[in-house]
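260 is the number that the numbering used here gives to position 140 of the sequence shown; each next residue is one higher, with no gaps. The structure appears right after this line, and notes come after that.
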Amino acid sequence: MQYAAINGQLVQLAAAVVPVTDHGFLYGLGLFETFRTYCGKPYLLERHLDRMASGCEELGIPFTVTAAEVTDWITRLMQANRLEDAYVRYTVSAGEAPLGLPSGDYTDPTHIVLAKALAEPSPTLYERGKMLQRLSTPRNTPESQVRFKSLHYMNSILAKRELNGCGQHDQRILGAEGLQLTRDGYVAEGIVSNVFWVREQVLYTPSLSTGILPGITRGVVIEIAAQQGIPCREVQSSWEDLQQADEIFLTGSVAEIVPVTTLRDLDGTETSVSRGHIGPVTAALLRMYREKAGYTS
Numbered sequence: 121m122q123y124a125a126i127n128g129q130l131v132q133l134a135a136a137v138v139p140v141t142d143h144g145f146l147y148g149l150g151l152f153e154t155f156r157t158y159c160g161k162p163y164l165l166e167r168h169l170d171r172m173a174s175g176c177e178e179l180g181i182p183f184t185v186t187a188a189e190v191t192d193w194i195t196r197l198m199q200a201n202r203l204e205d206a207y208v209r210y211t212v213s214a215g216e217a218p219l220g221l222p223s224g225d226y227t228d229p230t231h232i233v234l235a236k237a238l239a240e241p242s243p244t245l246y247e248r249g250k251m252l253q254r255l256s257t258p259r260n261t262p263e264s265q266v267r268f269k270s271l272h273y274m275n276s277i278l279a280k281r282e283l284n285g286c287g288q289h290d291q292r293i294l295g296a297e298g299l300q301l302t303r304d305g306y307v308a309e310g311i312v313s314n315v316f317w318v319r320e321q322v323l324y325t326p327s328l329s330t331g332i333l334p335g336i337t338r339g340v341v342i343e344i345a346a347q348q349g350i351p352c353r354e355v356q357s358s359w360e361d362l363q364q365a366d367e368i369f370l371t372g373s374v375a376e377i378v379p380v381t382t383l384r385d386l387d388g389t390e391t392s393v394s395r396g397h398i399g400p401v402t403a404a405l406l407r408m409y410r411e412k413a414g415y416t417s
């Protein structure tokens, strides 16, 4: 990754900086979206921008860019970085303002786009799945009625540090996802993913009332399930409910739909899921999601 896009202008990565008085740096006032491209085109970009625009409005950050503008930034950035497809992070930082908490709306946000090559998944990831490690770090309550994908990411970083600590004792955990519960003990979400499970042909996922991020891929999976006549219930559930699931999978805009085939509790107890292999409902949803995205590989 040699170049970044700052307010639509391509610059060398080393020169891609924001002022120290930017409130994104000082107070975490800003939002970001991560997504990937398929055949060079950002997937579900309009949905990501709608979520960002909604958050910016609540934070008093003007957001007037269009999907066409952002697509142009991404296209030129990918060309400069010689990428055919990419992992993209689009950040809107509040911009420069006086030192101290803001007394009004912002006027001049900074738009930053980064793009890097998509990581090659393990050849067995989408067949054999991954481990989901229960964490003791609780998911914090959202900043507003709905969780923002905001720049102050401390809760997820602490959760990742806990997961890394578990990996010091078991190398398998280094490739696992960590699962956070709410302070009331309800299943919330992964560090960087939403979670679903299947029980007796019914699809379940934590409700937004648990304070989870309303994931873009999460929403698409719910839509696909409805189109296919698969019942889907948004619930408040316990870790024990996950242990009784027939199938479990994680969703994310870059990872797509990843099966979970092992649950690991805080004490190291492990529960095998769908006999260590992707389940039929998960496989069907993954296939339909990729068809919808235009996946050709």
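Where is the CB? At the ideal position from N, CA and C, for every residue including glycine.
{"Query": "In chain order, each alpha helix (DSSP H) run of at least 4 residues that lies wholly inside the stretch 195 to 232", "Result": "none"}
{"Query": "Exposure of E367, with buried meaning 16 or more beta-carbon neighbours within 10 Å", "Result": "buried"}
{"Query": "R171 versus Q356, T337, Y306, residue with shortest Cα-Cα distance", "Result": "T337"}
{"Query": "Residue from T402, Q363, V131, S394 whose Cα sits closest to the Cα of Q253", "Result": "Q363"}
{"Query": "Cβ contact check for the stretch 333 to 353 and the stretch 277 to 289: 3 or more pairs under 8 Å", "Result": "no"}
{"Query": "A251: first and last residue of the uninterrupted beta strand (DSSP E) it sits in", "Result": "A small fix is needed here, since residue 251 is Met in this sequence, not Ala. Element bounds for M251: 250 to 254."}
{"Query": "Beta-carbon spacing of N260, N275 below 7 Å", "Result": "yes"}
{"Query": "Nearest to S329 (by Cα), restricted to the options V355, V315, V212", "Result": "V355"}
{"Query": "Cβ shell of W317 (< 7 Å), same chain only, five flanking positions each side left out", "Result": "Y324, L362, A365, E367, I368"}
{"Query": "F152 and R202 closer than 7 Å at C-beta", "Result": "no"}
{"Query": "Three-state secondary structure assigned by DSSP to T244", "Result": "coil"}
{"Query": "Pick from T227, A136, C159, A187 that is closest to E166, judged by C-alpha positions", "Result": "A187"}
{"Query": "Alpha-carbon to alpha-carbon, D142 and R407", "Result": "43 Å"}
{"Query": "Contact check, V393 vs T381, beta carbons under 7 Å", "Result": "yes"}
{"Query": "Backbone secondary structure at F268 - three-state DSSP", "Result": "coil"}
{"Query": "Sub-7 Å separation of G148 and H272 beta-carbons", "Result": "yes"}
{"Query": "Presumed contact (8 Å Cβ cut-off) between G220 and R267, rounded CB distance", "Result": "Rounded, the Cβ-Cβ distance is 26 Å, inconsistent with contact."}
{"Query": "Contact belief for S213 with V138 at Cβ below 8 Å, rounded distance in angstroms", "Result": "6 Å"}
{"Query": "Separation of G310 from R384, as counted between CA atoms", "Result": "13 Å"}
{"Query": "Euclidean distance between Cα positions of T191 and L294", "Result": "34 Å"}
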